[in-house]
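For the sequence shown, the numbering used here assigns the number 1 to the initial residue and increments by one for each residue that follows. Take a look at the structure below.
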Amino acid sequence: MYAIHSVLAGLLAGSASMSALEVKSEVGRSGEDGIFQSKGIPSPATNDAATSANFKLLSGMADPNGASLDVLHDGRIPRSEDDPRSNFFFAGGSNGGRILVDLGKVIDVSSIATYSWHPGSRAAQKYQVYVADGSAEGFSAELKEDADPTKAGWEKLGEVDTSGEQPGQHAARLSPAKGKSLGKCRWVLFEVRKNPNAGPFNDTFFSEIDIIDAAGPELVRIERPKKVIRQFGSKHGNFRYTLDVSAAPDLEEWCAEHLIPVMDEWYPKIIEMLPVEGITAAESITFTLRNPADLPQNLRGVPAYASGNSVVFNADFMRRQQTGEAIGAGVHEVVHVVQFGGTREKSARQRGRANRPPSWVTEGVADYIRWFLYEPQSKGAEITRRNFDRANYDGSYRITANFFDWVIRNHEKDLMRKLNVATHDGYSDDLWKEWTGKTVQELNDGWKAYHKKKLGL
Numbered sequence: 001m002y003a004i005h006s007v008l009a010g011l012l013a014g015s016a017s018m019s020a021l022e023v024k025s026e027v028g029r030s031g032e033d034g035i036f037q038s039k040g041i042p043s044p045a046t047n048d049a050a051t052s053a054n055f056k057l058l059s060g061m062a063d064p065n066g067a068s069l070d071v072l073h074d075g076r077i078p079r080s081e082d083d084p085r086s087n088f089f090f091a092g093g094s095n096g097g098r099i100l101v102d103l104g105k106v107i108d109v110s111s112i113a114t115y116s117w118h119p120g121s122r123a124a125q126k127y128q129v130y131v132a133d134g135s136a137e138g139f140s141a142e143l144k145e146d147a148d149p150t151k152a153g154w155e156k157l158g159e160v161d162t163s164g165e166q167p168g169q170h171a172a173r174l175s176p177a178k179g180k181s182l183g184k185c186r187w188v189l190f191e192v193r194k195n196p197n198a199g200p201f202n203d204t205f206f207s208e209i210d211i212i213d214a215a216g217p218e219l220v221r222i223e224r225p226k227k228v229i230r231q232f233g234s235k236h237g238n239f240r241y242t243l244d245v246s247a248a249p250d251l252e253e254w255c256a257e258h259l260i261p262v263m264d265e266w267y268p269k270i271i272e273m274l275p276v277e278g279i280t281a282a283e284s285i286t287f288t289l290r291n292p293a294d295l296p297q298n299l300r301g302v303p304a305y306a307s308g309n310s311v312v313f314n315a316d317f318m319r320r321q322q323t324g325e326a327i328g329a330g331v332h333e334v335v336h337v338v339q340f341g342g343t344r345e346k347s348a349r350q351r352g353r354a355n356r357p358p359s360w361v362t363e364g365v366a367d368y369i370r371w372f373l374y375e376p377q378s379k380g381a382e383i384t385r386r387n388f389d390r391a392n393y394d395g396s397y398r399i400t401a402n403f404f405d406w407v408i409r410n411h412e413k414d415l416m417r418k419l420n421v422a423t424h425d426g427y428s429d430d431l432w433k434e435w436t437g438k439t440v441q442e443l444n445d446g447w448k449a450y451h452k453k454k455l456g457l
């Protein structure tokens with residue numbers, strides 16, 4: 001939960017637009033909530049005055065690895081703690097910069113809040129806020145980098161420094177110590193400085209900025225996603241399946257009607273195909289749909305992945321491929337659950353990682369079962385004139401699956417089981433000679449010769 005700290009900052013007098021008053025500065029932190037929510041500082045709003053405002057960079061350089069200023073007022077928050085493309089931050093080596101917000105008209109401001117999120121030094125915020133309604137003599141909205149705002153018709157509203165908080169989600173809010181309004185203004189200027197935490201990467205990951213109109217509409221706040229989890233029994237064995245579509249509730253019924261029944265039908269079949277003495281398949285599998293931004297950085301571009309007895313799907317991929325590759329991708333991952341999940345009984349047989357097969361073996365097995373057994377009609381693992389020159393037995397996925405199919409049809413019908421035993425007992429290329437009487441390279445040559453003739457090359 002958030003820890004809240006409050007200080008008072010005096011609003012400088014000098015303009016008829018805003019009255020001299022005491023401004024309350026609140027600072028909060030959360031490392032677990034996910035929506036920046038606390039009793040003191042609410043989660044970001046999706047319809048505040050900043051939503052339709054114009055944001056402009058007056059000085060400083062945006063980091064090219066981050067997002068544009070638009071993410072600061074889009075009513076969205078990052079999906080994970082280290083998501084550069086969902087945050088705006090200044091380039092490393094700079095000392096921050098100035099962000100100008102033009103609200104388009106003079107409004108009565110009730111509060112200003114900023115939100116940031118990072119697991120390290122980029123979480124902390126350090127900035128000063130100036131406001132103006134444009135009526136002061138000599139007012140200038142677009143200040144030069146070294147210009148003093150207070151000498152150009154601006155008032156200093158307050159300042160924020162959250163560097164005393166631990167990394168995580170930081171929130172800061174400026175609001176009146178008394179009453180409901182900070183006064184009237186049209187322009188808000190954030191003078192951001194590199195936060196004082198040690199280290200080379202300390203430019204704040206700003207996630208969202210809220211500017212609340214005291215006379216605006218009822219605010220809609222970002223809410224914590226509701227958990228949408230369903231349990232399913234098996235029609236084909238003593239298995240159980242958990243479906244977590246909390247991140248994609250729109251896919252709940254489709255998964256229940258189309259995905260889970262196929263997973264239940266094929267899980268027992270795959271277990272039967274890939275038995276290994278001393279290993280018992282998992283009795284339950286959890287299927288989770290996640291938004292791409294919630295996936296590990298190196299897995300955001302994949303349709304799905306398996307870990308133990310859990311399968312995680314890219315929700316965007318599943319939406320796009322409901323009538324295409326979505327279910328086949330699930331079959332592929334369930335093969336990995338059988339390969340690497342389950343429980344291992346104590347055995348004299350050595351089961352270590354030292355001689356585990358290369359990934360082309362295990363991925364080829366998963367794609368063979370998918371493309372040649374589950375959906376052979378789709379012909380998704382064909383060798384064609386286009387890919388023939390690049391085809392090799394260790395090409396992985398579809399290419400290796402095609403190689404396995406040829407070996408099964410011509411040399412060893414029990415290849416899937418033997419490969420899975422080797423996955424646990426130790427793999428060596430020498431096993432191909434034992435299984436088929438030929439080396440893997442000789443098999444590769446025969447397989448390529450077959451396709452060369454078939455394709456008329």
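A virtual CB, placed ideally from N, CA and C, is assigned to each residue, including glycine. Nothing here was measured: the structure is a model prediction, and the numbers come from that model.
{"Item": "Own chain partners of ASP394 with C-beta closer than 8 Å, once the 5 adjacent residues on each side are dropped", "Value": "PRO358, TRP360 and THR400"}
{"Item": "Contacting residues, own chain, Cβ-Cβ under 6 Å from ILE229 (five flanking each side not counted)", "Value": "ASP244"}
{"Item": "THR162 classed as buried or exposed, judged by whether at least 16 other C-beta atoms fall within 10 angstroms", "Value": "buried"}
{"Item": "Cα-Cα separation, ILE408 to LEU443", "Value": "11 Å"}
{"Item": "Per DSSP, cross-strand counterpart(s) of HIS170", "Value": "ARG29 and SER116"}
{"Item": "Spatial neighbours of ARG98 in its chain, beta-carbon cut-off 8 Å, leaving aside the 5 residues before and after", "Value": "LEU57, LEU58, SER59, GLY60, LEU143, GLU145, LEU189, PHE190, GLU191 and VAL192"}
{"Item": "Own chain, CB closer than 6 Å to ASP133, minus 5 neighbours either side, in chain order", "Value": "SER17, VAL106, LYS184, CYS185 and ARG186"}
{"Item": "Exposure label - LEU251; buried when at least 16 CB within 10 Å", "Value": "buried"}
{"Item": "Chain-order list of residues whose beta-carbon lies under 6 Å from that of LYS126 (same chain, five-residue window excluded)", "Value": "ASP161, ARG193 and ASN195"}
{"Item": "Whether ARG356 touches GLY278 by CB criterion (9 Å)", "Value": "no"}
{"Item": "LYS324 classed as buried or exposed, judged by whether at least 16 other C-beta atoms fall within 10 angstroms", "Value": "The identity of residue 324 in the sequence shown is Gly, whereas the question assumes Lys. GLY324 is exposed by the Cβ-count criterion."}
{"Item": "Delimiting residues of the alpha helix (DSSP H) encompassing GLY341", "Value": "Careful: GLY341 lies outside any alpha helix (DSSP H) and carries neither H nor E."}
{"Item": "Spatial distance of ASN392 from LYS448 (CA atoms)", "Value": "8 Å"}
{"Item": "Extent of the continuous beta strand (DSSP E) run through GLY364", "Value": "Element bounds for GLY364: not the beta strand (DSSP E) but the alpha helix (DSSP H), 359 to 368."}
{"Item": "Coarse secondary structure for THR51, derived from DSSP in three states", "Value": "helix"}
{"Item": "Chain-order list of residues whose beta-carbon lies under 8 Å from that of ARG417 (same chain, five-residue window excluded)", "Value": "MET273, LEU274 and PRO275"}
{"Item": "Cβ contact check for the stretch 205 to 219 and the stretch 41 to 53: 3 or more pairs under 8 Å", "Value": "yes"}
{"Item": "Any 3 or more C-beta pairs closer than 8 Å across the stretch 172 to 183 and the stretch 82 to 93", "Value": "no"}
{"Item": "LYS452 versus ASP445: straight-line alpha-carbon distance, rounded", "Value": "10 Å"}
{"Item": "Continuous alpha helix (DSSP H) assignments of at least 4 residues falling wholly in the stretch 412 to 439", "Value": "415 to 425 and 431 to 436"}
{"Item": "Whole-Å CB distance - PRO84 paired with GLY96, under 8 Å assumed", "Value": "That pair is no contact at about 17 Å."}
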